[in-house]
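Undergrad: Numbering (full-length UniProt numbering), first residue to last: 1 to 199. Don't be surprised by glycine CBs; every beta carbon is placed ideally from N, CA and C.
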């Protein structure tokens, strides 16, 4: 069964909101038994999320970061006396962690990996599909890495960084798109393994 935002849900979960002791869908959802899965959605930041951000402004004391969300992130410069442009500049992609959020959705970030993510490819996908690309206990991600010589970093905000052999990057992109387009189907991991074995 498919629900649209505002449809009634039997019980509370991460994809619902509560009003007058009733629960309603926040997103377009696929409901299978009592489990809900987002079919489409935008990224809503949460503390401790790992995200791939893009520098959109250099400030005197840090950087303004686009995290593919309705809200912007701020990464503060910790090395006093250093010019922020010497570290990151406009257009750089970086791996960050959300460390704090205010009620007004002001988001403080911390750097997770100091190196820029500029050498490879940034693939943008629906953030609602990210859990399926990772898989249970990282099973899908590990399967792709096992067969292809590609470094893959996944941000919860719908950005995926790929670096390595160009042909393997292209194969990885095809596999990721296949997973996204078939994320609601059973036996997906086995099907992906079969495709990888024949590539």
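What does a CB cutoff of less than 7 angstroms around residue 135 pick up in its chain, not counting 5 residues either side in sequence?
TA: Closer than 7 angstroms at Cβ, skipping near neighbours: 141 and 189.
Undergrad: What residues in its chain sit with their C-beta under 7 angstroms from that of residue 168, if we drop five residues either side in the sequence?
TA: Excluding sequence neighbours, residue 168 sits near 148, 149 and 150.
Undergrad: Expressed to the nearest angstrom, what Euclidean distance is found between the alpha-carbon atoms of residue 89 and residue 162?
TA: Roughly 21 angstroms between the two C-alpha positions.
Undergrad: Output the distance between the C-alpha atoms of residue 123 and residue 17, rounded to the nearest integer angstrom.
TA: About 30 angstroms.
Undergrad: Tell me the residue span of the beta strand (DSSP E) that contains residue 76.
TA: Residues 72-76.
Undergrad: Is residue 59 buried or exposed, if buried means 16 or more other CB atoms sit within 10 Å of its CB?
TA: Classification of residue 59: exposed, given that the 10 Å Cβ count is below 16.
Undergrad: Which residues mark the beginning and the end of the alpha helix (DSSP H) in which residue 183 is found?
TA: Here residue 183 belongs to no alpha helix (DSSP H), and DSSP marks it neither H nor E.
Undergrad: Would you mind reading off the limits of the beta strand (DSSP E) that contains residue 231?
TA: Because the chain here runs from 1 to 199, residue 231 falls outside it and cannot be looked at.
Undergrad: Which one or two residues does DSSP pair with residue 101 in a beta bridge?
TA: Paired residue(s): 107.
Undergrad: Ends of the beta strand (DSSP E) at residue 59?
TA: Here the beta strand (DSSP E) through residue 59 covers 50-59.
Undergrad: Does residue 45 pass the burial test, meaning 16 or more other C-beta atoms within 10 Å, or should it be called exposed?
TA: It counts as buried.
Undergrad: Near residue 54, which residues of its chain fall below 6 angstroms by C-beta distance, leaving aside the five closest residues on each side in sequence?
TA: Counting only Cβ-Cβ distances below 6 angstroms, and skipping sequence neighbours, we find 66 and 93.
Undergrad: For my contact list, residue 51 and residue 100 are in at a C-beta cut-off of 8 angstroms; report their separation, rounded to the angstrom.
TA: Residue 51 to residue 100, Cβ: 14 angstroms. No contact.
Undergrad: In the structure shown, what three-state DSSP assignment does residue 168 receive?
TA: Here residue 168 sits in helix by DSSP.
Undergrad: So, with DSSP's three-state summary, where would you put residue 112?
TA: If DSSP states are grouped into helix, strand and coil, residue 112 belongs with the strands.
Undergrad: Cα separation between residue 28 and residue 181?
TA: Each residue's Cα considered, the two are about 15 angstroms apart.
Undergrad: Where does residue 121 sit, in a helix, a strand or coil, going by DSSP?
TA: Residue 121: strand per DSSP, three-state reduction.
Undergrad: For residue 23 versus residue 38, is the C-beta spacing smaller than 8 angstroms?
TA: Not in contact: residue 23 and residue 38 (Cβ atoms no closer than 8 angstroms).
Undergrad: Please classify residue 183 as buried or exposed, where buried requires at least 16 neighbouring CB atoms within 10 angstroms.
TA: That one is buried.
Undergrad: Kindly list the residues whose CB is nearer than 7 angstroms to the CB of residue 6, restricted to its own chain and excluding five residues on each side of it in sequence; keep chain order.
TA: Result list for residue 6: 24 and 25, in chain order.
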